Amino acid sequence: MSIDLSFCNYKINQQIRTVAIGDLKIGSDASLPLLSDNNNEAKPVFAIEIPFLQDNFYPDFLYKQYGTKDFFQILEKLQNSDADLISIKFNANEKTIEPLLQKLPSVFSRIDDINTKPLILRGANNTDIDKILLPKLSALAKEQSIIAFADEFSYEDILPSIVERNHVLVLRTPIDINLAKELNILCIDKGLSPDRILIDPDMGGLGYGIEYGYSIIERIKQAGFDGDTMLNMPIAAFVGEETYKAKEAKSNKFDANWGDFYQRALMWEISAASAIVTAGANLIAVWNIETIKTLKEMI
Numbered sequence: 077m078s079i080d081l082s083f084c085n086y087k088i089n090q091q092i093r094t095v096a097i098g099d100l101k102i103g104s105d106a107s108l109p110l111l112s113d114n115n116n117e118a119k120p121v122f123a124i125e126i127p128f129l130q131d132n133f134y135p136d137f138l139y140k141q142y143g144t145k146d147f148f149q150i151l152e153k154l155q156n157s158d159a160d161l162i163s164i165k166f167n168a169n170e171k172t173i174e175p176l177l178q179k180l181p182s183v184f185s186r187i188d189d190i191n192t193k194p195l196i197l198r199g200a201n202n203t204d205i206d207k208i209l210l211p212k213l214s215a216l217a218k219e220q221s222i223i224a225f226a227d228e229f230s231y232e233d234i235l236p237s238i239v240e241r242n243h244v245l246v247l248r249t250p251i252d253i254n255l256a257k258e259l260n261i262l263c264i265d266k267g268l269s270p271d272r273i274l275i276d277p278d279m280g281g282l283g284y285g286i287e288y289g290y291s292i293i294e295r296i297k298q299a300g301f302d303g304d305t306m307l308n309m310p311i312a313a314f315v316g317e318e319t320y321k322a323k324e325a326k327s328n329k330f331d332a333n334w335g336d337f338y339q340r341a342l343m344w345e346i347s348a349a350s351a352i353v354t355a356g357a358n359l360i361a362v363w364n365i366e367t368i369k370t371l372k373e374m375i
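Using this note's numbering, read the sequence shown as starting at 77 and increasing by one per residue.
Dropping the structure here:
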């Protein structure tokens, strides 16, 4: 018996924009995720994210997958990984930002010697620090990169360097379609090309708000398909960072019936990332390289 699924087909008014980083294409969706409607061939791309400075927020067991805690040794190992991009989080704080700024030129010299993959250069998630740090990262990056992220409080300070260097900018707003559109418009009015924008809806982690992240991604995507040129940018989601905020993924102080700690944390990230892929995210950044292997096999 055959089932007629023609009623599922739909026509879009426009595709999601394509954001290009070298030879890597992000976006260009012509349908909801993983469907072939409208000759859609778009697939999500995956970044593996590593911190530049060691801190307690990045679990020790993630370092074990590299056999080292040295940033440059890890970066070298990632050149042969399944990741499409490498995301570097310059996780400075008030005490470490000044020393970091002083040594950034030599840091980037070493990165350039090692790296062959497109880069995401992330700030510290601190508005005051990122207003200073992100323009510096933008200026030092020799190749076109993705800079993450600017928000309503920092975009005016960060934007000029992005426009001048022709980088891609991630714009983050707190799970609100209207705020996302407004920030896109503000940045475009100040000279940022809409083809250089990635929307970050600031997703919640698995069990801690992922349904909000899922629904807002769907709403933004549908608005883009319907013809809204201020919302048809690809969507970025930093899943790894959200995953390891959850106690289930970062704590091994549970009864044995919770299972192996490493496997539990891995499955937590895979589950969160697969949900966000299904919602329609185009760029997904994770912390465990095994997550990327699993998701690429799934897709």
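Glycine included, every Cβ here is placed at the ideal spot set by N, Cα and C. Since we're looking at a predicted model, the values are computed, not measured.
Closer than 8 Å by C-beta to residue i: which residues in its own chain qualify, once you throw out the five before and the five after it? Chain order, please.
| i | result |
| --- | --- |
| Ile-365 | Ile-124, Gln-141, Leu-154, Ser-157, Asp-158, Ala-159 |
| Ala-215 | Ser-237, Arg-241 |
| Ile-368 | Phe-122, Ile-124, Ser-157, Asp-158, Ala-159, Val-362 |
| His-218 | It should be pointed out that residue 218 corresponds to Lys in this sequence rather than to His. For Lys-218, where only same-chain residues beyond five positions count, the Cβ hits under 8 Å are Phe-184, Asp-188. |
| Ile-352 | Met-279, Ile-286, Gly-289, Tyr-290, Ile-293, Ala-313, Val-315, Ile-360 |
What are the residues that DSSP puts in a beta bridge with residue i?
| i | result |
| --- | --- |
| Phe-122 | Ile-360 |
| Thr-144 | In DSSP, Thr-144 forms no bridge with anything. |
| Gly-103 | Thr-94 |
For residue i, name the three-state secondary structure that DSSP assigns.
| i | result |
| --- | --- |
| Phe-225 | strand |
| Phe-128 | coil |
| Phe-314 | strand |
| Lys-297 | helix |
| Lys-321 | coil |
| Ile-97 | strand |
| Asp-113 | helix |
| Met-343 | helix |
| Phe-337 | helix |
| Lys-153 | helix |
So residue i is in the beta strand (DSSP E); what residue range does that whole segment cover?
| i | result |
| --- | --- |
| Ser-163 | 161 to 165 |
Among residues of its own chain, excluding the 5 on either side of residue i, which ones have a beta-carbon nearer than 6 Å to its beta-carbon?
| i | result |
| --- | --- |
| Leu-213 | Leu-197 |
| Thr-249 | Leu-255, Ala-256, Leu-259 |
| Gly-98 | Pro-194 |
| Phe-301 | Ile-88 |
Which residue comes first and which comes last in the alpha helix (DSSP H) that contains residue i?
| i | result |
| --- | --- |
| Ile-365 | 365 to 374 |
| Leu-247 | Segment 244 to 248 is the beta strand (DSSP E) holding Leu-247; no alpha helix (DSSP H) there. |
| Met-306 | Premise fails: Met-306 is in no alpha helix (DSSP H) and is neither H nor E. |
| Ile-134 | The sequence given here has Tyr at residue 134, not Ile. Looking at the DSSP string, Tyr-134 is not in any alpha helix (DSSP H), and its letter there is neither H nor E. |
Is residue i near the ligand ADP, in the sense that its beta carbon is under 7 Å from a heavy atom of that ligand?
| i | result |
| --- | --- |
| Ile-162 | Among the components of this structure there are no ligands whatsoever, and the ligand ADP is therefore not found. |
(request) Please specify which runs of the beta strand (DSSP E), each continuous and at least 3 residues long, are wholly inside the region 250 to 275, giving them in chain order. (result) none
(message) As an exercise, report each continuous alpha helix (DSSP H) stretch of at least 4 residues that is fully enclosed by the region 182 to 226, in chain order.
(response) 203 to 216
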